[in-house]
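**Q**
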Amino acid sequence: LATILISAIVMICAVYLFPIHQDIAITKVPFEKIESGSVGDQIAKLLTANDFFELLSRKSMLALIIFSFLIGFATLQSGEKGNAFKSFLDSGNEVMKQLLNFIMKMAPIGLGAYFAYQVGVFGPQLLGVYAKPMGVYYVACIFYFFTFFSLYAIIAGGKRAFKVFWSNNITPSLTAIGTCSSIATIPANLDAAQKMGIPSHVRNLVIPLGAPLHKDGSSMSSILKITFLFAMFGKDFTEPSTILLALGITVIVSIVEGGIPNGGYIGEVLAITVYGFPMEQALPVAMILGTLVDPIATLLNANGDVISSMLVSRFSEKTKW
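Residue numbers (our numbering): -14 to 306.
(1) Cutting at 8 Å between CB atoms, please list the residues of its own chain near E302, excluding the five before and the five after it.
(2) Which residues bound the alpha helix (DSSP H) around T212?
(3) Applying the 10 Å Cβ sphere with the 16-neighbour rule, what's the burial state of E253?
(4) Which residue wins for smallest C-alpha separation from Q266, given the options A231, K305, F215, V238?
(5) Quick one: what's got a C-beta closer than 7 Å to T60's C-beta in the same chain, skipping five residues either side?
(6) In terms of residue numbering, what span does the alpha helix (DSSP H) encompassing I(-9) cover?
(7) Take the Cβ of S239 as the centre, count every other Cβ of all protein chains shown within 10 Å, and call the residue buried at 16 or more, exposed below.
(8) Grouping DSSP H, G and I as helix and E and B as strand, with all else coil, what is V191?
(9) Would you tell me roughly how many angstroms separate the C-alpha atoms of A125 and L41, rounded to the nearest one?
(10) Could you compute how far the alpha carbon of T170 sits from the alpha carbon of V149?
(11) Going by DSSP in three states, V278 sits in which element: helix, strand or coil?
(12) Give me the Cα-Cα distance between V(-5) and M295, rounded to the nearest whole angstrom.
(13) Just mark T223 as buried or exposed, buried being the case when its beta carbon has 16 or more other beta carbons within 10 Å.
(14) Where in the stretch 90 to 166 do unbroken runs of the beta strand (DSSP E), each at least 3 residues long, occur, reported from the N-terminal end onward?
(15) Could you check if M181 is buried or exposed, using at least 16 other CB atoms within 10 Å of its CB as the buried criterion?
(16) How many Å lie between A48 and F37 at the Cα?
(17) Find out if the Cβ-Cβ distance for the pair I208, I(-3) is shorter than 8 Å.
(18) Check T60 in the structure and name its three-state DSSP category.
(19) Looking at I211: is its Cβ nearer than 8 Å to the Cβ of A196?
(20) Closer than 8 Å by C-beta to T283: which residues in its own chain qualify, once you throw out the five before and the five after it? Chain order, please.
(21) Pick out whichever of F52, P118, V291 has its Cα sitting closest to the Cα of G275.
(22) In whole angstroms, what is the alpha-carbon distance linking S158 and N288?
(23) What did DSSP end up calling S42 once you bin it into helix, strand or coil?
(24) Measure from the alpha carbon of N286 to the alpha carbon of each residue in I94, I50, L268, Y129, then state which is nearest.
(25) Could you tell me which of V291, V0, V297 sits nearest to P172, measuring between CA atoms?
(26) In angstroms with no decimal places, state the Cα-to-Cα distance between F134 and G64.
(27) For G289, name the three-state secondary structure that DSSP assigns.
(28) What residues in its chain sit with their C-beta under 8 Å from that of M205, if we drop five residues either side in the sequence?
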């Protein structure tokens, strides 16, 4: 959680140093009225629904997640009497996974068609819109990757741990960039962690658990998407309450991405819903931006698990390199 927040703060500083100008983005996307309200109202709408059927609405995404968590907890507490319902949930989960897999096989076609339309209508101007946020993101990620991962390694074990980490980090890094998948990078991470001297019970717990739940790169991309959408729709991102809410959303989105199939898109829907952006205009833009920054985001996500296992090993096992 700490590294997720640190990475998000680094990204916020980056977009403040290199702001996305509103006049560039607003003219490229149709504008419609955006809902407004206090932070308290937004949090209430985010966590609750007025009626049961509204849980199935995309506007109640987090409320549905909370409801699902409570249902799962109640099912576990039901013991043998809840076995039939457990089987129902398992079957339903498998059916929905297959449905989502089928839909997502077709999704690239729709996303490609949308992007082709945008290029055809706006031409080189479109590339200009995405070029600056991409540049800011890649520079910020590279800075975070070398600076903060080095700092984490030094905290874990001084100069010796620094050398051990970077000398064994090439294969996991290339695997992450090549696969764009934290899960696919787990074997490379485990092998690297073994070479680094991280105890087996630490690496075998932290790395597989961190792959779906610990995502520094996704944290930074979430901030980038939020600030880009704010610029696109002409809203102010400088208010402290807005920044705090963005940090909260970033933590939630990082967890959602790992806990739900195709959770990256669900996380984007959640962020868009909280701020009341028009879904039809905001979601495709966020999806395209997410696709463009995915390789280096995966690099931070996957490598963050290795450096986290070093920190856990240092503070829990007193490991010395």
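Idealized CB from N, CA, C, for every residue including glycine.
**A** In short, the structure shows the following:
(1) P184, V187
(2) 201 to 217
(3) By the neighbour-count criterion, in which a residue is buried when 16 or more other Cβ atoms sit within 10 angstroms of its Cβ, E253 is buried.
(4) F215
(5) G67, F70, K71, L74
(6) Run containing I(-9): -13 to 2, per the alpha helix (DSSP H) assignment.
(7) buried
(8) Taken through DSSP and simplified to helix, strand or coil, V191 comes out as helix.
(9) Rounded to the nearest angstrom, the two C-alpha atoms are 37 Å apart.
(10) Answer to the nearest angstrom: the Cα atoms are 19 Å apart.
(11) V278 falls in the coil class under three-state DSSP.
(12) For V(-5) and M295, the distance between alpha carbons rounds to 22 Å.
(13) exposed
(14) none
(15) By the beta-carbon neighbour count (other beta carbons within 10 angstroms, threshold 16), M181 is buried.
(16) 10 Å
(17) Going by C-beta atoms, I208 is nearer than 8 Å to I(-3).
(18) DSSP, reduced to helix, strand and coil, places T60 within a helical segment of the structure shown.
(19) no
(20) A161, I162, T164, C165, S166, S167, T170, G202
(21) P118
(22) Put simply, the backbone Cα of S158 is about 7 Å away from that of N288.
(23) coil
(24) Checked all of I94, I50, L268, Y129; the closest Cα to N286 is Y129.
(25) V291
(26) 44 Å
(27) helix
(28) S(-8), A(-7), V(-5), M(-4), Y122, A125, C126, Y129, A282, L285.
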